[in-house]
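The block underneath contains the structure these notes are about, expressed in structure tokens.
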Amino acid sequence: MGSFNDKVYEVVREIPYGRVTTYGAVARAIGQPRKALFVGFAMHSSADPDDPPCHRVVYKDGRVFENEDGSPSLQKLLLEAEGVPFVDDTHVDLDACLWHRVLTDEIGRPTDIDWEREMAEDQ
DNA sequence: ATTTTGACGGCAC
DNA sequence: CGTGCCGCCAAAA
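According to the numbering used here, the first sequence is numbered sequentially starting from 2.
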């Protein structure tokens with residue numbers, strides 16, 4: 002309870018279906034911006050692929066984890082299954098699907114608020 | 001107590 | 001576009 006991993010899982014569970022966020026963003030969301038690496042460690046050590054949805058956490062440049070043998074990782078398969086757009090074999094399209102609990106202004110990308118508005122305008 | 005290990009990120013080339 | 005190095009620090013050994 003209240004452990005680092007639990008805080009990480011709380012944030013990760015907030016990521017909406019079809020959206021992604023980054024390890025660093027999760028670290029900042031729990032007030033510990035220097036621990037992006039441990040966010041990754043928490044994801045790796047999680048047993049259940051659905052709770053938390055570890056596959057929705059990617060590198061800051063949109064790259065997703067790849068298996069050492071080159072086969073498609075579970076993360077990539079799950080993201081594709083959710084309809085998350087990829088710009089190439091290993092990178093998701095952050096401009097289209099990045100979600101941030103607070104703001105993404107700091108890294109120059111649309112906020113979740115911007116995204117909601119775009120969705121509304123498309124209707 | 002000390003060492004090793006990272007599903008990171010930033011910056012320098 | 002990549003490659004490498006360094007700083008970060010919790011957990012496991």
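Cβ atoms here follow ideal geometry from the backbone N, Cα and C, with glycine treated the same way.
- DSSP assignment within the stretch 24-55 yields the following whole alpha helix (DSSP H) runs of 4 residues or more, N-terminal first: 24-30, 37-46.
- Within the model, the alpha-carbon separation for Ala48 versus Glu67 is close to 18 Å.
- Annotated three-state conformation of Arg64 is strand, per DSSP.
- In the same chain as Pro53, and ignoring 5 residues on each side of it, the C-beta atoms closer than 7 Å to its own belong to Tyr10, Val13, Arg14, Ser47, in chain order.
- If you ignore the 5 residues before and after Val27, its C-beta comes within less than 7 Å of the C-beta of Val9, Val12, Val13, Val40, Val58, all in its own chain and listed in chain order.
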